[in-house]
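Chemist: I have a structure I would like to understand better, so I am pasting it below and will then ask my questions one at a time.
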Amino acid sequence: MLLIRCPYCEEERPELEFRNAGEAHIARPTDIAAISDDDFEKFFFIRANPKGIIYERWRHVHGCARFFNAVRDTVSDKFVMTYKAGEPKPSKLPGVSK
Amino acid sequence: MKKYSVFAIAREAMRGHKGWEEQWPSPEPKKSYDVIIVGAGGHGLATAYYLAKEHGITNVGVIEKGWLGGGNTGRNTTIIRSNYLYDESAGIYDHAVKLWDGLSQDLNYNVMYSARGVMMLAHNVHDIQVLKRHVHANRLNGIDNEWLTPEEAKAYCPPLNISRNARYPVVGAALQRRGGTARHDAVAWGYARGAAARGVDIIQNCEVTGIRRDTSGAVTGVETSKGFIGARKVGVVAAGHSSVIMQMADVRMPLESYPLQALVSEPVKPVFPCVVMSNTVHAYISQSDKGELVIGAGTDQYVSYSQTGGLHILTHTLDAICEMFPMFTRMKMLRSWGGIVDVTPDRSPILAKTPVKGLYVNCGWGTGGFKATPGSGHVFAHTIARDEPHAINAPFTIERFRSGRLIDEAAAAAVAH
Numbered sequence: 091m092l093l094i095r096c097p098y099c100e101e102e103r104p105e106l107e108f109r110n111a112g113e114a115h116i117a118r119p120t121d122i123a124a125i126s127d128d129d130f131e132k133f134f135f136i137r138a139n140p141k142g143i144i145y146e147r148w149r150h151v152h153g154c155a156r157f158f159n160a161v162r163d164t165v166s167d168k169f170v171m172t173y174k175a176g177e178p179k180p181s182k183l184p185g186v187s188k
Numbered sequence: 008m009k010k011y012s013v014f015a016i017a018r019e020a021m022r023g024h025k026g027w028e029e030q031w032p033s034p035e036p037k038k039s040y041d042v043i044i045v046g047a048g049g050h051g052l053a054t055a056y057y058l059a060k061e062h063g064i065t066n067v068g069v070i071e072k073g074w075l076g077g078g079n080t081g082r083n084t085t086i087i088r089s090n091y092l093y094d095e096s097a098g099i100y101d102h103a104v105k106l107w108d109g110l111s112q113d114l115n116y117n118v119m120y121s122a123r124g125v126m127m128l129a130h131n132v133h134d135i136q137v138l139k140r141h142v143h144a145n146r147l148n149g150i151d152n153e154w155l156t157p158e159e160a161k162a163y164c165p166p167l168n169i170s171r172n173a174r175y176p177v178v179g180a181a182l183q184r185r186g187g188t189a190r191h192d193a194v195a196w197g198y199a200r201g202a203a204a205r206g207v208d209i210i211q212n213c214e215v216t217g218i219r220r221d222t223s224g225a226v227t228g229v230e231t232s233k234g235f236i237g238a239r240k241v242g243v244v245a246a247g248h249s250s251v252i253m254q255m256a257d258v259r260m261p262l263e264s265y266p267l268q269a270l271v272s273e274p275v276k277p278v279f280p281c282v283v284m285s286n287t288v289h290a291y292i293s294q295s296d297k298g299e300l301v302i303g304a305g306t307d308q309y310v311s312y313s314q315t316g317g318l319h320i321l322t323h324t325l326d327a328i329c330e331m332f333p334m335f336t337r338m339k340m341l342r343s344w345g346g347i348v349d350v351t352p353d354r355s356p357i358l359a360k361t362p363v364k365g366l367y368v369n370c371g372w373g374t375g376g377f378k379a380t381p382g383s384g385h386v387f388a389h390t391i392a393r394d395e396p397h398a399i400n401a402p403f404t405i406e407r408f409r410s411g412r413l414i415d416e417a418a419a420a421a422v423a424h
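Chain order of the listed sequences is A and B.
Okay, so the first sequence: first residue is 91 according to this note's numbering, each after it adds one.
Okay, so the second sequence: first residue is 8 according to this note's numbering, each after it adds one.
Laid out in structure tokens, this is it:
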């Protein structure tokens, strides 16, 4: 089971308190009816599914109930960092060489 | 290839079993092949086998990062069924079940297919409605599936607890008698032996690191840890790593990879005659011919390539098993493991041509690909050989996520993931 640091509660809590909410930093189109089928596919279905560093959303459902973002290595399942929703995608990651 | 038979056993017994030949050689890769298959799991090896057997394409290389059958083929719970809801799914999964029946004879290799029946339990009114809908849909598609009362279910599977006082009482069940199990390793080995005998090279411990394309964008071969290998046609059958391989050809996939776990108990005498699944309490269980109870757990909730998962996922499914079968509460679990499954948004596979000329993909089998192995390989070989899909896999395109023509089988999964 993962230990996840909620950036709002500012403490590590067991995974059972959280719900994964998929890939982060996917912007919902402002006028979804106007976009092309290609763009809708990219937004709705296509996923990075990286082997390595992933940016993903979590929700602390059994805690503060708020969404936040996390950076995690999908090979080791270790978290690099978590940060609040709305904050920009971190360009430099602590402890990651590439 | 020397044929396996009772006479071969007798002959070898007479001379100290010195004459058995290796089941497949381990060749160095050629400079080029007509077709390269990336991934030597069951689906990849079946594809190579049917390319050689049905389409006469024997200059085929199957390239495998690890050892053959070492991914999800060797990690699944070996259950076979075709009681899917939609016509498209019923078509492909029942194509597989028809091939399972007779596969041992076809391969001259005992895959131990045992049609012991797959029983899905209903615990409430909603389950009854869903399962009866499946029974009717299946029968319209010519697939056997029948409704059982709790007493009939108990008669078919005596260990079942049908007490009205159970926490989740059994109020009925759907039974597919042609469903069952097979020996997963033997499936990979049988296809590997059959393919190698027809001239297919199986290259293990060779990782694909890139897909090379010419100026028109067409595939010309793959970069590997053993150097460049040329081919005008490349079929990607890489399960959980499909996104990673397809990215090498700049194709982004509608896939996410999750860990899926299973576990087995200590081996005991035959106590459990069929496969039982319950979606509501999230449990499914069967007994292998070796005697172990084989139990499937759920997926973790996050993307991962770790081939391991959370312990709470296993204990959750064991809670359900113990509730339904109190006699198993004191069984010791021997081993648990995880595999990485590639899941599509509509929970149906992709077996198709891709936007890249010469590149084909067979992926997205999610949590239930083993049962489809023969059918998947059969129609994927057709797709590669003819450069057009077989009628059975024609709906399973990669474009359906743009057109919206989804095959939304999510509700038909044996257990919710």
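For every residue, glycine included, the Cβ atom is placed at its ideal position computed from N, Cα and C.
Is the region 192 to 211 of chain B touching the region 299 to 315 of chain B, taking contact as three or more C-beta pairs under 8 Å?
Modeler: Result no; under three Cβ-Cβ pairs closer than 8 Å.
Chemist: Closer than 7 Å, CB to CB, is Thr120(A) near chain B or not?
Modeler: no
Chemist: Taking its Cβ as the centre, do 16 or more other Cβ atoms sit within 10 Å of Trp74(B), making it buried, or is it exposed?
Modeler: exposed
Chemist: Within 7 Å of any Cβ in chain B, is that where the Cβ of Met171(A) sits?
Modeler: No, because no Cβ of chain B sits closer than 7 Å to the Cβ of Met171(A).
Chemist: Compare the Cα-Cα distances from Leu318(B) to each of Cys329(B), Ala15(B), Leu270(B), Lys10(B) and report the closest residue.
Modeler: Considering only Cys329(B), Ala15(B), Leu270(B), Lys10(B), the residue with the shortest C-alpha distance to Leu318(B) is Leu270(B).
Chemist: Apply the 10 Å Cβ neighbour rule to Glu299(B) and answer buried if 16 or more other Cβ atoms are within range, or exposed otherwise.
Modeler: buried
Chemist: Using only alpha-carbon positions, find the residue among Leu341(B), Leu366(B), Trp372(B) that is nearest to Pro352(B).
Modeler: If we check each option's Cα against that of Pro352(B), Trp372(B) comes out closest.
Chemist: Just tell me which of Leu106(A), Leu92(A), Asn139(A) has its CA closest to the CA of Gly153(A).
Modeler: Checked all of Leu106(A), Leu92(A), Asn139(A); the closest Cα to Gly153(A) is Leu106(A).
Chemist: Mapping DSSP to helix, strand and coil, what is Trp196(B)?
Modeler: Helix at Trp196(B).
Chemist: At which residues does the beta strand (DSSP E) containing Arg162(A) begin and terminate?
Modeler: 157 to 163
Chemist: Rounded to whole angstroms, how far is the Cβ of Ala202(B) from the Cβ of Cys370(B), which I believe are closer than 8 Å?
Modeler: Contact doesn't hold; Cβ gap of about 20 Å is too wide.
Chemist: Counting only beta-carbon atoms, is His289(B) nearer than 7 Å to chain A?
Modeler: No, because no Cβ of chain A sits closer than 7 Å to the Cβ of His289(B).
Chemist: Going straight from the alpha carbon of Phe14(B) to that of Gln30(B), what length do you get?
Modeler: 18 Å
Chemist: Val368(B) and Thr361(B): beta carbons closer than 7 Å?
Modeler: yes
Chemist: Can you tell me whether Lys72(B) is buried or exposed, with buried defined as 16 or more other CB within 10 angstroms of its CB?
Modeler: With 16 or more other Cβ atoms from the protein chains shown falling within 10 Å of its own Cβ, Lys72(B) counts as buried.
Chemist: Near Glu28(B), what residues of its chain come up, given a Cβ to Cβ distance below 7 Å and the 5 sequence neighbours on each side ignored?
Modeler: Excluding positions up to five away in sequence, the list reads Lys9.
Chemist: Just the Cα atoms here: how many angstroms apart are Thr80(B) and Cys164(B)?
Modeler: 27 Å
Chemist: Output needed in chain order: residues of the region 152 to 172 of chain A with a Cβ under 8 Å from some Cβ in chain B.
Modeler: Residues passing the 8 Å Cβ filter: Arg162, Thr164, Val165, Ser166, Asp167.
Chemist: Give the single residue among Met331(B), Arg354(B), Gly316(B) whose Cα lies nearest to the Cα of Leu92(A).
Modeler: Gly316(B)
Chemist: At a cut of 8 Å, does the region 280 to 290 of chain B reach the region 93 to 107 of chain B through at least three beta carbon pairs?
Modeler: Per the Cβ contact rule, the region 280 to 290 of chain B is not in contact with the region 93 to 107 of chain B (fewer than 3 Cβ pairs under 8 Å).
Chemist: Under 8 Å, with one C-beta from each stretch per pair, do the region 122 to 129 of chain A and the region 232 to 247 of chain B reach the 3-pair mark?
Modeler: no
Chemist: Among residues of its own chain, excluding the 5 on either side of Arg109(A), which ones have a beta-carbon nearer than 6 Å to its beta-carbon?
Modeler: Arg149, Val151
Chemist: Could you pull the start and end residues of the alpha helix (DSSP H) that Asn145(B) belongs to?
Modeler: 132 to 147
Chemist: Give me, in chain order, the residues of the same chain whose beta-carbon lies closer than 6 Å to that of Ser121(B); leave out the 5 immediate sequence neighbours on both sides.
Modeler: Gly187, Thr188
Chemist: Quick check on DSSP: helix, strand or coil for Lys240(B)?
Modeler: strand
Chemist: May I ask you to list the residues that DSSP assigns as paired with Glu230(B)?
Modeler: Gly217(B), Phe235(B)
Chemist: Can you pull the chain A residues whose beta carbon is under 7 Å from the beta carbon of Phe408(B), in chain order?
Modeler: Neighbours of Phe408(B) on chain A, chain order: Glu131, Phe135.
Chemist: Between Arg88(B) and the rest of its own chain, which residues show a CB-CB distance below 7 Å, the 5 nearest in sequence each way excluded?
Modeler: Val125, Gln183, Gly186, Lys378
Chemist: Could you tell me the boundaries of the alpha helix (DSSP H) in which Ile4(B) lies?
Modeler: What the structure shows of chain B is the stretch from 8 to 424, and residue 4(B) is not part of that stretch, so it cannot be assessed.
Chemist: Would Gly371(B) pass as an interface residue toward chain E - the criterion being a Cβ-Cβ separation below 7 Å?
Modeler: You won't find chain E in this structure, because its protein chains are A and B.
Chemist: Taking Thr54(B) as part of the beta strand (DSSP E), name the residues at either end of that continuous run.
Modeler: Thr54(B) -> not in any beta strand (DSSP E); alpha helix (DSSP H) instead, spanning 49 to 62.
Chemist: Compare the C-beta of Gln308(B) against all C-beta atoms of chain A and say whether one is closer than 7 Å.
Modeler: yes
Chemist: Would you tell me roughly how many angstroms separate the C-alpha atoms of Phe332(B) and Ile150(B), rounded to the nearest one?
Modeler: 29 Å
Chemist: If Arg103(A) and Phe169(A) are in contact, beta carbons under 8 Å, what's the gap, nearest whole angstrom?
Modeler: Incorrect: roughly 12 Å between the Cβ atoms, too far for contact.
Chemist: With a threshold of 7 Å between beta carbons, is Leu262(B) in contact with chain A?
Modeler: For Leu262(B), at least one C-beta of chain A is nearer than 7 Å to its own C-beta.
Chemist: Tell me Cys96(A)'s beta-bridge partners as DSSP assigns them.
Modeler: Glu101(A)
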